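S.K.: Counting the sequence shown from 1 gives a position; our numbering is that position plus 975.
This is the structure, below, for whatever I ask next.
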Amino acid sequence: MGSNKKMKCQKCSKPATFHITDIERGKPREYHFCEEHAHQHLRPPEGGQDAPPISDLAKKLIVGGAAAREPTSADKQVCPICQISFLEFRNSGRLGCPYDYEIFRDELMPLLENIHDETRHSGKVPRRAPRNTRQQTTLIQLRNDLKRAVAAEDYETAARVRDMIRSIEQEQGR
């Protein structure tokens, strides 16, 4: 069993909040630092000008070049539930509510596929989650697939997906 202790910085006793992997002589080497020591580790060796805070570097990695480009019509799109705009999401890296996944679907799908090489969850599920959570998730995905198939007038796929939905619902005793 793993321990619940938080990892400490390799140079001091503060909690390690940055986990850096460097490739040294072709092999990965992991470092675990607090912000101060991560900043020192990432500072250019020549001791040039002061580097920006690590949090700024991380934000630039998440946001990319979004700040340098003109806002698009997608950036102006706003969730009617939480009022977050897609531009706000791009700047913060955080969505406002679960409904945002539907509202920003067209923009998020390529992003998720690029990051994870997949658009469907295939990882672990919490032990305390209800047994049928996976079935519920599958039903949601299948219903979305059904909507897309009908919209694309692909009735053979729609019929196949509809039958899969019925099968899962019967298995759940509906």
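Even glycine gets a Cβ: it sits at the ideal position worked out from N, Cα and C.
All of these numbers come straight from a predicted model, not from anything done at the bench.
Alpha carbon to alpha carbon, how far is Thr-992 from Lys-986?
M.R.: 13 angstroms
S.K.: Look at Leu-1121 and Arg-1137 and say whether their C-beta atoms are less than 8 angstroms apart.
M.R.: Contact: yes.
S.K.: Kindly indicate which residue of Met-982, Ala-1127, Ser-1060, Gln-1110 has the alpha-carbon position closest to the one of Gln-1145.
M.R.: Gln-1110
S.K.: May I have the straight-line CA-CA distance separating Cys-984 from Ile-1143, to the nearest angstrom?
M.R.: 48 angstroms
S.K.: Assuming Asp-1075 and Ile-1059 form a contact by the criterion Cβ under 8 angstroms, report the distance between their Cβ atoms to the nearest whole angstrom.
M.R.: 6 angstroms
S.K.: Go ahead and pull the three-state DSSP assignment for Ser-1060.
M.R.: Secondary structure of Ser-1060 (DSSP, three-state): strand.
S.K.: Quick check on Ile-1078: buried or exposed, where buried means 16 or more other Cβ atoms within 10 Å of its Cβ?
M.R.: buried
S.K.: Could you give the C-beta distance for Arg-1140 and Leu-1117, rounded to a whole number, given that I count them as a contact under 8 angstroms?
M.R.: Reading the sequence as shown, one finds Ile at residue 1140 and not Arg. About 5 angstroms; that satisfies the 8 angstroms criterion.
S.K.: Measuring CA to CA, which of Pro-1073, Arg-1065, Val-1125 is closest to Leu-1086?
M.R.: Arg-1065
S.K.: Taking the continuous alpha helix (DSSP H) assigned at Thr-1132, which residues delimit it?
M.R.: 1130-1146
S.K.: Asp-997 by DSSP, collapsed to three states: which one?
M.R.: strand
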